[in-house]
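Residue numbers (numbering that gives the first Met the number 0), protein chains in the order written: chain A, 0 to 213; chain B, 0 to 262.
Here a beta-carbon is modelled for each residue, glycine too, at the ideal position from N, C-alpha and C.
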Amino acid sequence: MKRMHPVVVRIMHWTNAVAMIIMIMSGWKIYNDEVIFGFLHFPDAVTLGPWAQHGLQWHFFGMWVLGLNGLAYLIYGIVTGRFRRLLLPISPREVIREALAALSFRLQHADLTHYNAVQKTLYVGVILVIILQVISGLAIWKPVQFSFLTALFYDFQGARLAHFFGMTAICLFMVVHIALALLVPKTLLAMITGGPRVDDDPASRAPSAHASNM
Amino acid sequence: MSILRRPSSLFRPRRGPDQSLLTENRALIEDIDRRKLLRGAVSLGALSMLTGCDIAEQSQVQSALRSVSSFNDWVQARIFDPNKLAPTYSLDQVVKPPRFNAYYEIENVKPVDIASWRLELSGLIADKRPWGLDQINALPEQEVIIKHICVEGWDYIGQWSGPNLRQFLTQIGADLTAKYVAFHGQDDYMESIDMASALHPQTILATKYAGEPITDPFGAPLRLRTAVKLGFKNPKWIRAIEVTNTYQEGFWEKQGFNWFSGL
């Protein structure tokens with residue numbers, strides 16, 4: 000019997016959390032040097048590094064941690080079947096029904112080992128946004144060597160804009176993710192201690208679509 | 000063609016706060032910051048003695064981050080494809096005049112005296128005789144319409160022309176197997192680039208912008224324009240070129256910016 004969150008998943012989760020905070024706070028420092036929106040400057044209290052160059056140093060350190068850890072996470076999730084088991088399939092009807100339930104504070108999360116449709120959507124969504132964020136980041140870093148990536152975002156400024164909106168999406172995810180984890184503290188605890196023990200064999204776990212969860 | 004062209008941005012106020020104060024007093028502000036840090040360290044004195052952490056920790060983090068930055072230099076040199084050309088643009092996209100950038104304001108530019116100007120050559124170069132502007136202007140001219148991308152995040156399309164750097168280095172008998180080419184500016188600004196980038200087909204010694212001799216604020220009479228580096232790696236008002244195997248930190252690297260800074 001293993002835990003719902005094996006130790007390797009927990010390590011990767013918290014490594015990602017730290018790397019993401021480094022990337023966001025140092026990114027804000029870099030942004031401040033040449034703002035995209037005149038009304039938006041990030042206060043020094045939430046940026047990393049005294050000057051832009053230090054923000055850049057942190058950003059180009061954090062990218063290795065985020066990138067390598069993220070790659071390991073994706074390979075692990077695909078090879079072990081964790082993604083298939085926990086994140087798929089996503090039924091649009093369920094997403095709508097459960098989103099409405101969540102908004103009226105009636106969404107249940109009794110069985111930790113089974114994600115509801117809203118959770119699945121958010122987790123798959125944020126994984127895709129982070130992948131896109133790496134792509135737009137590479138497009139900004141190497142607009143000549145990787146000009147084909149920059150072209151995906153129209154041009155260099157397009158890539159900057161996409162990178163900014165990707166950051167915004169990740170921040171919104173974090174707000175929801177952290178709020179829900181605090182509302183249901185056992186989910187937070189599970190990411191530290193591993194959570195309930197689960198059967199090793201995914202086949203024996205009936206993919207219960209709802210009922211247990213609602 | 001940028002989505003957010005500077006002067007016409009919907010989001011940018013027409014006149015921002017005067018940034019020149021920050022630039023002019025950069026050293027002073029940094030000094031104040033440092034003093035604040037010292038004061039903070041003193042007030043947290045008891046705690047720092049207990050945990051064994053002190054101001055030195057700040058520089059340990061800084062040296063660790065600089066090591067990562069050096070590693071990133073190495074990675075970028077491997078990513079660099081000497082034959083990969085940067086995108087080029089059409090004449091009607093050229094921004095006139097070019098955008099000014101330096102570590103000081105445009106009012107403080109000290110124009111180069113063209114009459115007495117000579118390009119000095121040093122280091123691993125067979126023929127170190129200095130060059131006059133007439134001799135440089137007599138060389139075949141190459142034009143590039145390329146994007147200038149600043150490390151801050153802005154960019155503009157510029158039309159630059161002048162002798163190709165690879166041809167110039169070949170002509171003066173420079174050791175093309177050396178590691179670095181360093182450019183010394185009139186304003187004590189120095190930046191060095193790797194030889195592979197110096198030999199890139201879109202790296203030129205620019206003497207003209209939009210078909211006219213470069214004006215004082217933009218590096219007259221001679222500046223580097225390479226399509227494969229960030230803006231700050233393109234020194235203006237060049238007075239000497241040095242070919243060397245010795246790594247030298249340029250003006251911005253000393254402040255903590257990444258040396259390779261390749262695009």
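In the DSSP assignment, W116 of chain B falls outside any beta strand (DSSP E), carrying neither H nor E. The count of Cβ pairs closer than 8 Å, one atom from the region 83–94 of chain B and one from the region 150–164 of chain B, reaches three, so the stretches are in contact. Looking at the DSSP output, K1 of chain A sits in a beta bridge with A:V197.
A direct Cα-to-Cα measurement between E119 of chain B and V143 of chain A gives close to 31 Å.
For K232 of chain B, no alpha helix (DSSP H) segment is defined, and its DSSP state is neither H nor E. Three or more Cβ pairs drawn from the region 110–127 of chain B and the region 236–250 of chain B lie within less than 8 Å of each other, which places the two stretches in contact. Annotation: Cβ neighbours of H53 of chain A in chain B (cutoff 7 Å, chain order): G255. Collapsing the DSSP output to three states places N15 of chain A in a helix.
With the rule of 3 Cβ pairs closer than 8 Å, the region 175–185 of chain A counts as touching the region 104–123 of chain A. In terms of Cβ geometry, L204 of chain B and N163 of chain B form a close pair [threshold 9 Å].
Along the region 136–178 of chain A, the alpha helix (DSSP H) occurs as fully enclosed runs of 4 or more residues at 146–151, listed in sequence order.
Excluding five sequence positions before and after H4 of chain A, the CB atoms of its chain that fall closer than 8 Å to its own CB belong to H12, A189, M190, G193, G194, given in chain order. With contacts defined by Cβ atoms closer than 9 Å, D154 of chain B and Q156 of chain A form a contacting pair. Close CB contacts of G61 of chain A within its chain, under the 7 Å cut and outside five residues either way in sequence, are with A18, I21, M22, S25 (chain order). Annotation note: the region 78–138 of chain B contains the following uninterrupted alpha helix (DSSP H) runs of length 4 or greater, listed N- to C-terminal: 132–136. Taking C-beta separations shorter than 6 Å and ignoring five residues to either side along the sequence, the partners of K127 of chain B in its chain run L120, following chain order. Around P142 of chain A, the beta-carbon contacts reaching into chain B at under 9 Å are A85, P86, K146, I148, D154, L262. Within 8 Å of the CB of F155 of chain A, the CB atoms of chain B belong to S1, K146, I148, D154, in sequence order along the chain. In terms of CA proximity to I171 of chain B, B:Q134 leads the group B:E142, B:Q134, B:Q201, B:G152.
As a beta-bridge residue in DSSP terms, T243 of chain B pairs with B:Y179.
For T225 of chain B, the closest of B:G255, B:S260, B:Q247, B:Y246 by C-alpha to C-alpha distance is B:S260. With fewer than 16 other Cβ atoms from the protein chains shown falling within 10 Å of its own Cβ, I95 of chain A counts as exposed. Counting C-beta pairs closer than 8 Å gives three or more between the region 159–174 of chain A and the region 28–40 of chain A, which meets the contact rule. Annotation for T169 of chain B: no beta strand (DSSP E) segment contains it, though the alpha helix (DSSP H) segment containing it runs 164–170. In terms of Cα proximity to T87 of chain B, the closest of A:S146, A:L39, A:A51, A:L127 is A:S146. Boundaries of the alpha helix (DSSP H) harbouring V64 of chain A: 51–78, taken from the DSSP string. In the structure shown, T186 of chain A falls within a helical segment according to DSSP collapsed to helix, strand and coil. Counted as a single uninterrupted DSSP element, the alpha helix (DSSP H) harbouring I95 of chain A occupies residues 91–102. F59 of chain A belongs to the set of residues whose beta carbon lies under 9 Å from a beta carbon in chain B. If you check the CB distance, P234 of chain B and H183 of chain B come in under 9 Å.
Remark: three or more beta-carbon pairs, one from each stretch, lie closer than 8 Å, so the region 185–200 of chain B and the region 76–85 of chain B are flagged as touching. Shown here, T214 of chain B sits in coil according to DSSP, grouped into three states, outside any helix or strand.
For the options A:L70, A:Y72, A:L47, A:V8, the alpha carbon positioned closest to that of V60 of chain B is the one of A:L47. If you draw a straight line from the Cα of V64 of chain A to the Cα of G136 of chain A, it comes to about 14 Å. In the displayed model, D193 of chain B falls within a strand according to three-state DSSP. Per the DSSP secondary-structure output, H147 of chain B pairs in a beta bridge with B:Y155.
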